[in-house]
Amino acid sequence: MKIHEYQAKQLFKAYNVPVPDGNVAFSVDEAKKTAADLGGFPVVVKAQIHAGGRGKGGGVKLAASMEEVETHAREILGMTLFTHQTGPEGRLVKKLLVEAGQKIKKELYLSLLVDRATASIVIMISQDGGMDIEEVAAKTPERIIKIHVDPLMGIQGYQLRQAGFALELPSAAMKLFSGLLLNLYKFFIANDCSMVEINPLILTSDDKVLALDAKVDFDSNALYRHRELMDLRDLDEENPLEVEASKYNLNYINLDGNVGNIVNGAGLAMATMDIIKNAGATPANFMDVGGGATSEQVENAFRIILADDKVKAILINIFGGILRCDNFAQGVVDAAKKTGINIPVVVRMEGTNVEKGKKILSDAKLNLTTAVDLFDAAQKIAAAVN
Amino acid sequence: MSIFINKDTKVLVQGITGNEGSFHTRGCLEYGTNIVAGVTPGKGGQKMDDVSVFNTVQKAVEETGATASLIFVPPPFGADAIMEAADSGVDLIVAITEGIPILDMVKVKHFLATKNCRLIGPNCPGIITPDECKIGIMPGKIHKRGNIGVVSRSGTLTYEVVDQLTKLGMGQSTCIGIGGDPVNGTNFIDVLDAFQKDDETHGIVMVGEIGGSAEEEAACFIKEKLTKPVVGFIAGLTAPPGRRMGHAGAIISGSSGTGTAKIAAFKENGIFVCENLGQIGQVCKDIF
Numbered sequence: 010m011k012i013h014e015y016q017a018k019q020l021f022k023a024y025n026v027p028v029p030d031g032n033v034a035f036s037v038d039e040a041k042k043t044a045a046d047l048g049g050f051p052v053v054v055k056a057q058i059h060a061g062g063r064g065k066g067g068g069v070k071l072a073a074s075m076e077e078v079e080t081h082a083r084e085i086l087g088m089t090l091f092t093h094q095t096g097p098e099g100r101l102v103k104k105l106l107v108e109a110g111q112k113i114k115k116e117l118y119l120s121l122l123v124d125r126a127t128a129s130i131v132i133m134i135s136q137d138g139g140m141d142i143e144e145v146a147a148k149t150p151e152r153i154i155k156i157h158v159d160p161l162m163g164i165q166g167y168q169l170r171q172a173g174f175a176l177e178l179p180s181a182a183m184k185l186f187s188g189l190l191l192n193l194y195k196f197f198i199a200n201d202c203s204m205v206e207i208n209p210l211i212l213t214s215d216d217k218v219l220a221l222d223a224k225v226d227f228d229s230n231a232l233y234r235h236r237e238l239m240d241l242r243d244l245d246e247e248n249p250l251e252v253e254a255s256k257y258n259l260n261y262i263n264l265d266g267n268v269g270n271i272v273n274g275a276g277l278a279m280a281t282m283d284i285i286k287n288a289g290a291t292p293a294n295f296m297d298v299g300g301g302a303t304s305e306q307v308e309n310a311f312r313i314i315l316a317d318d319k320v321k322a323i324l325i326n327i328f329g330g331i332l333r334c335d336n337f338a339q340g341v342v343d344a345a346k347k348t349g350i351n352i353p354v355v356v357r358m359e360g361t362n363v364e365k366g367k368k369i370l371s372d373a374k375l376n377l378t379t380a381v382d383l384f385d386a387a388q389k390i391a392a393a394v395n
Numbered sequence: 027m028s029i030f031i032n033k034d035t036k037v038l039v040q041g042i043t044g045n046e047g048s049f050h051t052r053g054c055l056e057y058g059t060n061i062v063a064g065v066t067p068g069k070g071g072q073k074m075d076d077v078s079v080f081n082t083v084q085k086a087v088e089e090t091g092a093t094a095s096l097i098f099v100p101p102p103f104g105a106d107a108i109m110e111a112a113d114s115g116v117d118l119i120v121a122i123t124e125g126i127p128i129l130d131m132v133k134v135k136h137f138l139a140t141k142n143c144r145l146i147g148p149n150c151p152g153i154i155t156p157d158e159c160k161i162g163i164m165p166g167k168i169h170k171r172g173n174i175g176v177v178s179r180s181g182t183l184t185y186e187v188v189d190q191l192t193k194l195g196m197g198q199s200t201c202i203g204i205g206g207d208p209v210n211g212t213n214f215i216d217v218l219d220a221f222q223k224d225d226e227t228h229g230i231v232m233v234g235e236i237g238g239s240a241e242e243e244a245a246c247f248i249k250e251k252l253t254k255p256v257v258g259f260i261a262g263l264t265a266p267p268g269r270r271m272g273h274a275g276a277i278i279s280g281s282s283g284t285g286t287a288k289i290a291a292f293k294e295n296g297i298f299v300c301e302n303l304g305q306i307g308q309v310c311k312d313i314f
């Protein structure tokens, strides 16, 4: 689960990870009031959306006066921001972070994440802060230093020093940095983060270190033990159909194609999207109804996919293991009765109770096309939309 | 022969009295798996059908000599259940549970390094040696005994592959789902190595998906160490970056973990790539 920069910085503050003074603003007036509270200029006005690249997209502006705060706030609030991470539809800006401008001596990079291969927490640091770290990794990988922390031992003093010296910090800042990194590690572990990134981490002209940006992602599987973090979820940043699907424990991701699909199991769902593409059509979604979907879940899955205007046909691909084909078929029939399905639907079912499932579908006399296997299903769905 | 399990494997089930636990225990028993005990704290002394239930894994192992544990406990208790099993001295742990926090698994992984046992999963369908032993939730009857080893990060996708193999007359030596989580126990390389050493396995199907770099590492291992033919498939070529595709581990981060890179690694290392899932059975038939 992602959160906004301003929320991440509030959490950082609670863990004594230094951040610039500032506050969130939902209106131009609030932005002005926050700027006044900061008691000096310049201040920075930053769009708050769950996507990177905001600066390049025009969502981060420096204001040297209250007039400029007003101009920038008015311009950014309500704008649709396009960055390399927002997709072509962009993201509507509904909140701002207004914070004190800093005198920057050096921009650095710091992140913590779980390294899958070594099953440890890896600290990544670089002196090339403020840039796209993917680009640094591709062009000058030697400029990124990785420190692996044993999760049973936690971060050690020598590792804090390793990081600080690798960043070539002046001695005055070394102790501040060690404290910052130690506290950030504590924050990471205590809140089950999957990623924390500070880019840039800055060294100020008076040799302080501060998190100028903050990106935090929590492990969704661990949110049950951090109820307070769930309040930080911002539904405005999510696709409404995805929000709806999450209510029914459906794994759904909205995409820009025109073939809706309903599948059981994540791997098979991905492979079904690929097979649609292979056949010359494009998937409108990823939908995994899970290994043990109920007929109610199947009905909701149908309703959600039909609510997407882009969908011109639906491919159902079920391999019954735990999920029994007869239960699934009943869900399809119920959905068809309640919502009415007026676009082509191709069904491919296999596995547990498949004969019963097929009978339920044929008895219901729905307008469905059945496929004998996956290959056949892909051809039929492509023919339906092309 | 087969790998990791056979007809002599004595299995206990953690979480046997829960809905999923009891349902799948029955499925395994029907298949012929030798299930010797169940564990549910506080329900020791009871029975699930004819299976004796114990309060602790340690007690169950002492009383029955179980050598493997199958885990169905809910995610908040998943890591604890795995460590309990490891500490009791079983050789094999199969964790079906989906949704164990990643930092729990990170700790478990380091704990297991001090123990002499193998973990399969979590978030996996389990392992099956057809006609001998099924420790997991896969539909037994789509399998057929034979000479193809199957290893996969997915559940239903594996069933699809196995079903196509069986329908075309190609049986399996052992099929293993290693799970869809970013941090898991047994990885592709462990399984590939075991298949290479298993006389009954003549060819291998490896089913990967987007996220991480396990497929790339396995591809290098295959080139260096394997003499048996391998057919590879990768799911998620159309997946958008930055989105978790159902499995916690199936996510493209920045430019790493893409399906294209994995397929390229397969091809570079002499793995036969099947690009279309609908034809994987046929591709295997042509190669094996």
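Protein chains in written order, with our numbering: chain A, 10 to 395; chain B, 27 to 314.
All C-beta atoms, glycine included, are put in the ideal place defined by N, C-alpha and C.
Note that the structure is predicted; figures quoted are calculated from it, not measured.
Assignment of Lys-254(B) by DSSP, reduced to helix, strand and coil, places it in the coil class. Under the Cβ criterion (8 Å, minimum of three pairs), the segment 284–295 of chain A counts as touching the segment 316–332 of chain A. Within the segment 231–244 of chain A, those residues whose Cβ lies closer than 8 Å to any Cβ of chain B are, in chain order, Ala-231, Tyr-233, Arg-234.
Taken through DSSP and simplified to helix, strand or coil, Glu-186(B) comes out as helix. Contact between the segment 142–159 of chain A and the segment 74–91 of chain A is absent, with fewer than three C-beta pairs closer than 8 Å. In summary, the residues of the segment 197–210 of chain A whose CB is separated from some CB of chain B by less than 8 Å are Ile-198, Asp-201, Ser-203, in the order they occur in the chain.
In terms of beta-carbon proximity, Arg-63(A) stays away from the interface with chain B, with every pair separated by 8 Å or more. Using a CB distance below 7 Å, the part of the segment 352–369 of chain A facing chain B consists of Glu-359, Gly-360, Thr-361, ordered along the chain. Residues are counted here when their Cβ sits less than 7 Å from a Cβ of chain A; for the segment 280–297 of chain B these are Gly-280, Ser-281, given in chain order. Beta bridge pairing from DSSP links His-157(A) with Val-131(A). For Thr-281(A), no beta strand (DSSP E) run applies; the uninterrupted alpha helix (DSSP H) run containing it begins and ends at 275–287, by DSSP.
The C-beta distance from Ile-314(A) to Val-307(A) rounds to 11 Å, too long to meet the 8 Å contact threshold.
Each of Thr-348(A), Ala-345(A), Leu-383(A), Leu-212(A) was checked against the Cα of Asn-302(B), and the nearest Cα belongs to Leu-383(A). Taking all protein chains shown into account, Asp-222(A) has 16 or more neighbouring C-beta atoms within 10 Å of its C-beta and is therefore buried. Distance from His-59(A) to Lys-11(A) at the Cβ level is roughly 5 Å; contact confirmed, criterion being Cβ atoms closer than 8 Å.
Check the Cα spacing between Ala-240(B) and each of Thr-82(B), Pro-267(B), Glu-88(B), Gly-211(B): the tightest is with Gly-211(B). Residue contact with chain A for Asp-189(B): present (Cβ-Cβ distance below 8 Å to some residue of chain A). CA-to-CA, the gap between Gly-47(B) and Gly-71(B) works out to about 17 Å. For chain B, the residues of the segment 261–288 of chain A that bring a beta carbon within less than 7 Å of one of its beta carbons are Ile-262, Leu-264, Asn-273, Gly-274, Ala-275, Gly-276, Leu-277, Ala-278, Met-279, Ala-280, Met-282, Asp-283, Ile-284, Lys-286, Asn-287, in chain order.
Look at Ala-310(A): its C-beta is not under 8 Å from any C-beta on chain B.
Within the same chain, and ignoring the five residues on either side of Gln-57(A) in sequence, the residues whose Cβ sits closer than 8 Å to its Cβ are His-13, Glu-14, Tyr-15, Val-33, Val-102, Lys-103, Lys-104, Leu-105, Leu-106. Inter-residue distance for Cys-159(B) and Ser-95(B) is about 13 Å (C-alpha atoms, whole angstroms).
Taking C-beta atoms under 8 Å as the contact rule, Pro-51(A) and Gly-110(A) qualify, at a distance of about 4 Å. One finds nothing in chain B with a Cβ atom closer than 7 Å to the Cβ of Pro-150(A); even the nearest lies about 13 Å away. Per DSSP, reduced to three states, the secondary structure at Tyr-118(A) is strand. Ala-199(A) counts as exposed, since fewer than 16 other C-beta atoms from the protein chains shown sit within 10 angstroms of its C-beta. Neighbours of Val-123(A) in chain B, taken as residues at a C-beta separation under 8 Å, are given in chain order as Ile-128, Leu-129, Val-132, Pro-208, Val-209. In the DSSP assignment, Tyr-194(A) falls within the unbroken alpha helix (DSSP H) covering 180–199.
Chain order gives the chain A residues near Tyr-185(B) as Gly-274, Leu-277, Phe-328, Gly-329, Gly-330, Glu-359, Gly-360, where near means a beta carbon separation below 9 Å. Beta-carbon to beta-carbon, Ile-285(A) and Ala-310(A) are separated by about 16 Å, too far to satisfy the 8 Å threshold.
Along the segment 286–306 of chain A, the positions whose C-beta sits under 7 Å from a C-beta of chain B are Lys-286, Asn-287, Pro-292, Phe-295, Asp-297, Gly-300, read in chain order.
Around Ala-172(A), the same chain offers Ile-132, Ile-134, Ile-156, Leu-190 as residues with beta carbons nearer than 7 Å, after the five sequence neighbours per side are excluded.
Taken in chain order, the complete beta strand (DSSP E) segments of 3 or more residues contained in the segment 210–281 of chain A are 218–220, 224–227, 260–263, 268–272. The Cβ neighbour count for Ala-23(A), taken over all protein chains shown within 10 Å, is under 16; the residue is labelled exposed.
Here Val-233(B) is actually not in contact with Ile-202(B); their C-beta atoms are around 10 Å apart, not less than 8 Å.
Taking a contact as a CB-CB distance under 8 Å, the pair Pro-165(B) and Gly-274(A) does not count as one, their CB atoms being some 12 Å apart.
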